[in-house]
Structures are given as structure tokens and as C-alpha cells.
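Note sheet for the following structure.
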Amino acid sequence: MIKPRLSHFVVAAWATAFIGCNYTTYEDCPFYCWESGIPYSKIPQSGAHPGYYDQQCTHALSLDGLRVPIPELGLAARHCYLGSPASAAENTENYFLVKTAVQKLATSEPLSKDEADAYDLIAELLDRDAYENCVGQLTCYGNPGVGCDVDDNTNGDQSCTNASAASLCSSLVEGLLEDLLDRSSPQQYPECSGTEYYEGAAPLCEGYVPDMNDTEGPCARDGLLPVTGSTSMDGADTTGAGSEPFGDIDDLVSCSGNDCDVDPRLLVNVMESFSEFYDDDVTLEYVDRSIPCGPGVQLDGLSSGTAPTELADKFGIENGDIILSVNGVELSSSSGAATVLQNLDSSTTFTVVVRRADRGHCSTTTWTIDIAP
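Numbering follows numbering that gives the first Met the number 0, in which position 219 of the sequence shown is assigned residue number 218; successive positions increment by one, without gaps.
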């Protein structure tokens with residue numbers, strides 16, 4: 000008989016997210032995005048002509064000097080991490096690093112080198128997007144001329160040549176957003192703008208790592224953890240330094256027989272450090288009844304000396320264990336996994352069933368996990 004273990008629940012929760020992200024069609028490829036922007040008031044204006052850029056461009060049709068207005072809403076910027084291609088700038092791991100960096104900066108905590116690099120990179124990428132949006136606004140996105148009007152208050156078509164728009168935006172806009180986001184003295188922070196779905200090749204889809212505390216969709220509205228009302232932005236390792244990445248398990252879990260009480264801070268820690276499972280190649284795979292003790296999702300990839308294995312060892316998890324169900328919902332399909340995910344941010348009690356093959360037989364354990372501080 001397998002003893003009741005919290006990590007079965009943790010792995011079950013992770014399994015539902017992981018399994019739901021085996022995207023097979025191009026349209027289903029998900030990516031995280033961050034956004035920011037340069038406020039109208041921060042863009043240099045002409046003293047003689049308020050509301051207009053403090054530099055003229057060349058009219059695309061007449062080649063005369065043209066004064067063009069600053070967009071009333073300022074210049075928006077957005078960047079999405081498109082999976083895990085060769086470019087480090089596009090790796091979705093940066094999403095988690097930026098998320099943690101923003102939280103730490105907001106509370107004046109020091110950043111790790113990886114967090115600082117990821118934050119500086121997103122600031123640079125967002126700044127570049129703001130510059131490109133500036134050029135695009137002045138040139139109808141590379142198509143200046145007849146029918147391109149960037150100033151409704153002036154008669155005739157008003158647009159800039161591509162070269163003069165690039166010069167204006169380089170002089171007045173480029174670098175502004177990077178300065179506003181600068182981590183040494185941030186005036187604002189990047190904001191997570193949710194998950195987008197794009198067409199892309201399979202390797203890009205495979206680079207997506209789900210955010211376990213983002214069950215509602217947009218990462219700007221992280222699902223609340225049961226009981227606490229807190230979100231994943233509260234930060235990892237809530238039990239103190241030296242217990243990273245999952246915290247002090249002995250302080251956070253108490254089991255009596257098949258019933259376990261779990262401090263919700265452990266879920267915060269696991270969610271925030273969820274990439275540990277992916278970094279160490281821990282996998283869960285759908286198995287049918289042809290596999291001993293199936294159907295369900297089967298754990299594999301635990302190896303000695305890694306954080307996931309240390310967590311698994313603490314709670315008796317082994318490679319080959321099969322998670323059958325959570326709260327009566329069988330994990331034999333992606334629809335079952337999705338159902339469990341929808342309930343993760345509202346349920347406080349979980350019933351988990353795990354099977355293990357043992358000398359030609361299947362041992363089954365059912366236990367109850369209560370989330371309570």
C-alpha cells in the first residue's frame with residue numbers, strides 16, 4: 000500500500016497543466032506576453048506646438064518638413080516569448096524570471112543574475128517595440144503616401160518618409176521606455192498581458208511552460224490560492240532563506256493516516272518554482288489500460304541530486320507511479336486535466352488516487368488533502 004503523500008497532489012496538479020499543453024496543432028501554440036508603454040507626458044513635445052513631436056519629419060508626398068502629433072494614448076509596447084528557439088531572448092523561461100524580478104523590485108529585494116538579465120532584456124525588447132510603433136504610426140506601418148494620414152487636424156494626407164520617421168523616433172523615443180523601466184530606479188514595471196495563441200512550429204509550442212497559478216488565463220489575474228487569498232506574485236520560499244525552492248516541507252505538511260493538512264504556502268513555493276520539474280526533465284505521460292495499473296498519468300524522469308527528486312523522496316514518490324484521479328475526475332484525457340485545473344483555485348479539499356505496480360499487482364491508495372494554514 001502506498002502511504003498518503005502531499006507530493007502526489009503536487010504532481011497531480013502539475014500533471015494537469017503539463018498534459019494540457021501537449022499542443023498538436025499550430026493554432027494551439029501558447030506564449031506569454033509582457034506589455035508596457037511610454038506615457039504621452041513623457042514624450043518630448045514642441046514648445047511652440049504642444050502635442051506635437053519636438054522634431055519634424057519629411058512629408059512622404061511633398062518632401063517638405065512635417066510636424067506630426069504625439070498619440071494621445073502614448074506609445075504602447077508588447078513582447079511575447081515564443082517558446083524556446085535558439086535565441087535566449089525568446090525563451091519562455093524569461094517569463095518566470097521577469098515575474099519574480101518585478102515582485103522583488105517592488106519590495107526592494109536583490110535580484111539574482113538570471114532575474115536581472117531577464118528583466119533588462121524585457122526592458123530592452125519593450126523599448127524596441129515602442130520605437131517600432133512610433134515609426135509605424137508615422138508611416139502607416141511602412142506604407143507612407145496617398146491614403147496615409149497621421150494628422151486628422153491637417154488638410155491632405157500627412158505621413159512621414161520611412162527614413163525620416165526612423166530618425167525622429169530614434170532621436171525622441173528610442174531609450175525612453177528602457178529608462179522608465181530601468182531596474183536601478185524604476186518609474187514603472189512591465190505588466191503581464193496574458194497568454195496569446197499563435198501559429199508556430201512544434202519546437203516553439205514545446206517551449207511553453209505553464210504557470211500553475213494562472214488557472215484563469217491572463218497572468219495579470221493570477222488565480223487566488225485557497226484560504227489565503229494570495230497570488231503567485233507573493234513570491235517563492237515563503238518559509239525563509241535556505242529552504243528553496245519548495246520551502247521547509249516538515250513545517251508545511253502534517254499527515255495522520257490518509258488525511259494530510261497542507262499549508263497553502265507550500266503551493267505558492269511549488270508554483271513559483273515550477274520550472275524545476277522541466278529543467279530536470281521530469282515527465283508525466285498519458286497511459287491506457289495496456290500499461291500495468293493504467294489508465295492515468297505516469298511519472299518518470301526523477302533522478303538523484305535534483306530538487307524535484309528531493310521533494311519526491313520526502314513524500315515517497317517513485318518513477319512509474321500512476322495518478323488515476325483528482326476529486327473523482329479521471330486523468331485519462333486532456334478534458335479531465337482541464338476540469339481539475341478549473342477547480343484548483345477554489346477547492347480546499349482534494350481526494351487523490353494513485354496506483355503503483357508491485358510484483359504483477361496494483362496497489363491503490365486514496366487519501367484526502369486539506370489546504371489550511
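Idealized CB from N, CA, C, for every residue including glycine.
query, result
"Identified DSSP bridge partners for Glu-190", "Glu-34"
"Cβ pair Gln-55, Leu-65 closer than 7 angstroms", "yes"
"Asp-63 versus Arg-77, Phe-95, Ser-45, Asp-156, residue with shortest Cα-Cα distance", "Asp-156"
"Burial state of Glu-71, where buried means 16 or more other Cβ atoms lie within 10 Å", "exposed"
"Assigned exposure category for Glu-108 - 16 Cβ within 10 Å defines buried", "exposed"
"Between the CA atoms of Ile-290 and Ile-248 - distance to the nearest angstrom", "32 angstroms"
"Sufficient close CB pairs (3 or more, under 8 angstroms) joining the region 316-323 to the region 353-364", "yes"
"The region 129-138 in contact with the region 162-169 per 3-pair CB rule at 8 angstroms", "yes"
"The alpha helix (DSSP H) enclosing Tyr-94, as first and last residue numbers", "92-105"
"Met-0 to Asn-257 span [Cα, whole Å]", "Confidence in Met-0 is poor, its pLDDT being 29 and thus under 50, which makes the residue's placement too unreliable to answer from."
"CB of Ala-59 within 7 angstroms of CB of Ser-158, strictly", "yes"
"Whether Thr-282 touches Thr-160 by CB criterion (7 angstroms)", "no"
"DSSP bridge partner residues for Pro-68 (one or two, in chain order)", "Tyr-51"
"DSSP three-state assignment for Ser-374, whether helix, strand or coil", "Outside the displayed span of the chain (0 to 372) sits residue 374, for which this structure offers no information."
"Range of the contiguous alpha helix (DSSP H) that encloses Cys-133", "112-138"
"Cβ neighbour criterion (16 or more within 10 Å) applied to Lys-98", "buried"
"Same chain only: Cβ atoms within 8 angstroms of Ala-371, ignoring 5 sequence neighbours per side", "Val-226, Asp-260, Val-261, Asp-262, Pro-263, Thr-347"
"Own chain residues within Cβ distance below 6 angstroms of Val-172, not counting five before or after", "Tyr-130, Cys-133"
"C-alpha gap between Glu-284 and Leu-298, whole angstroms", "7 angstroms"
"Where Arg-77 falls: helix, strand or coil (DSSP)", "strand"
"Proximity below 7 angstroms, CB of Pro-43 to CB of Asp-150", "no"
"Neighbour-count burial assignment, Gly-246, 16 or more Cβ in a 10 Å radius", "buried"
"Coil, strand or helix - Phe-245 by DSSP", "coil"
"Residues near Thr-23 by beta carbon distance below 6 angstroms, same chain, minus five either side", "Residue confidence is low: Thr-23 scores 44 on pLDDT, short of 50, so the model does not pin down where it sits. No coordinate-derived value is stated."
"N-terminal and C-terminal residue of the beta strand (DSSP E) that Ala-356 is part of", "348-357"
"Extent of the continuous alpha helix (DSSP H) to which Glu-177 belongs", "175-180"
"Spatial distance of Ala-240 from Ala-115 (CA atoms)", "Any answer about Ala-240 is weak, because its pLDDT of 40 lies below 50 and its placement is not dependable; what the coordinates show is given next. Answer to the nearest angstrom: the Cα atoms are 19 angstroms apart."
"Length of the line joining the Cα atoms of Tyr-51 and Gly-174", "19 angstroms"
"6 angstroms CB neighbourhood of Pro-244 in its chain, flanking five on each side removed", "Ser-272, Glu-275, Ala-306"
"Any chain B beta carbon closer than 7 angstroms to Gln-55", "The chain labelled as chain B is not found in the depicted structure, where only one protein chain is given."
"Whole-number beta carbon distance between Ala-100 and Tyr-118, since they are thought to touch under 8 angstroms", "4 angstroms"
"Burial state of Gly-141, where buried means 16 or more other Cβ atoms lie within 10 Å", "exposed"
"Assigned secondary structure, Thr-365 (DSSP; H/G/I helix, E/B strand, else coil)", "strand"
"Which of helix, strand or coil DSSP assigns to Ala-371", "coil"
"Sheet register partners of Gly-295 (DSSP bridge)", "Val-286"
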